[in-house]
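Undergrad:
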Amino acid sequence: MGLSIGSMKVGFAYLVDGELMDWRLSIDASRSEPAAYEQAAEWIGYYQLDVLVLEDPEHSRKGSHAHLLHQAAMRAAVAAEVRVILMPPLSDGAPNKYARAKAMAEEFPQIAPWLPDPRRVFDQEPRNIVLFEALSLCWTWWSAAGRADQQEAQDIEF
67 MGLSIGSMKV GFAYLVDGEL MDWRLSIDAS RSEPAAYEQA AEWIGYYQLD VLVLEDPEHS
127 RKGSHAHLLH QAAMRAAVAA EVRVILMPPL SDGAPNKYAR AKAMAEEFPQ IAPWLPDPRR
187 VFDQEPRNIV LFEALSLCWT WWSAAGRADQ QEAQDIEF
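Under the working numbering, the very last position in the sequence shown is 224; numbers go up by exactly one each time.
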């Protein structure tokens, strides 16, 4: 599962063997650390995850509140003995997150109806963009390492 935290929203995408199975968005999870922990723990338990892919907060331009929410999600994963993968900023050649989101919508047409239009400079970020950020994180990890790494995920010590 890929999880992305944005301003006033948390999104996730759930892949099984490279196939998009589900995606969700939570406004409540972005309100506080306990809410982020609770939501992450709920998703982890419901989907019986073995891997959680997050953006590496050390290389992120997100604010301190988002960093706290990342930590809460990581704590929920560690408590459930789920492997946490921290992805550096994506260097896939996409000029921006909207181009990356469009590429994800083409790869996974079932999520295309949620594709937001690119925002104007003075607009707030569209809420659905976190779904595509989460999917992109998860898909990038799975494409690069997930196939060969599936067995190793069960050998991690906590």
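Note that CB positions come from ideal geometry on N, CA and C, so glycine has one too.
Which stretch, first to last residue, makes up the alpha helix (DSSP H) that contains M140?
TA: Its alpha helix (DSSP H) spans residues S130 to A145.
Undergrad: Tell me which residue opens and which closes the beta strand (DSSP E) that R149 is part of.
TA: Residues R149 to M153.
Undergrad: Identify every residue that forms a DSSP beta bridge with E121.
TA: DSSP, once it has assigned bridges, lists M153 as partnering E121.
Undergrad: Quick one: using the 10 Å Cβ neighbour count with 16 as the cut-off for buried, is E121 buried or exposed?
TA: Buried, since its Cβ has 16 or more Cβ neighbours within 10 Å.
Undergrad: From what residue to what residue does the beta strand (DSSP E) around A79 run?
TA: Taken as a continuous stretch (DSSP letters only), the beta strand (DSSP E) holding A79 covers K75 to V82.
Undergrad: To which residues of the same chain is E199 closer than 6 Å at the C-beta, ignoring the five residues directly before and after it?
TA: Closer than 6 Å at Cβ, skipping near neighbours: S70.
Undergrad: Where in the region 173-213 do unbroken runs of the alpha helix (DSSP H), each at least 4 residues long, occur, reported from the N-terminal end onward?
TA: Correct list: 195-207.
Undergrad: The alpha helix (DSSP H) that contains G72, what's its start and end?
TA: Looking at the DSSP string, G72 is not in any alpha helix (DSSP H); the run it does join, the beta strand (DSSP E), is G68 to G72.
Undergrad: Measure the C-alpha to C-alpha separation of L201 and M170 and round it to an integer number of angstroms.
TA: Distance between the alpha carbons of L201 and M170: 7 Å.
Undergrad: Just confirm the distance between the C-beta atoms of V117 and V196, as a whole number of angstroms; I'd bet it's less than 8 Å.
TA: Their Cβ separation, rounded to whole angstroms, is 19 Å, which puts V117 and V196 out of contact at 8 Å.
Undergrad: Between the region 179-198 and the region 103-113, can you find at least three pairs of beta-carbon atoms closer than 8 Å?
TA: Cβ pair count under 8 Å is below three, so no.
Undergrad: In the DSSP assignment, the alpha helix (DSSP H) including A107 goes from what residue to what residue?
TA: Start and end: E99 to Y113.
Undergrad: Counting Cβ pairs closer than 8 Å, one from the region 125-141 and one from the region 83-92, do we hit at least three?
TA: Flag = no, the region 125-141 and the region 83-92 do not touch.
Undergrad: Could you compute how far the alpha carbon of L14 sits from the alpha carbon of K168?
TA: Residue 14 lies beyond the residue range present for the chain, which begins at 67 and ends at 224; the question has no answer from this structure.
Undergrad: Reducing DSSP to helix, strand and coil, say where S126 ends up.
TA: It is coil, neither helix nor strand.
Undergrad: Using the Cβ count rule (16 or more neighbours within 10 Å means buried), how would you classify V148?
TA: So V148 counts as buried.
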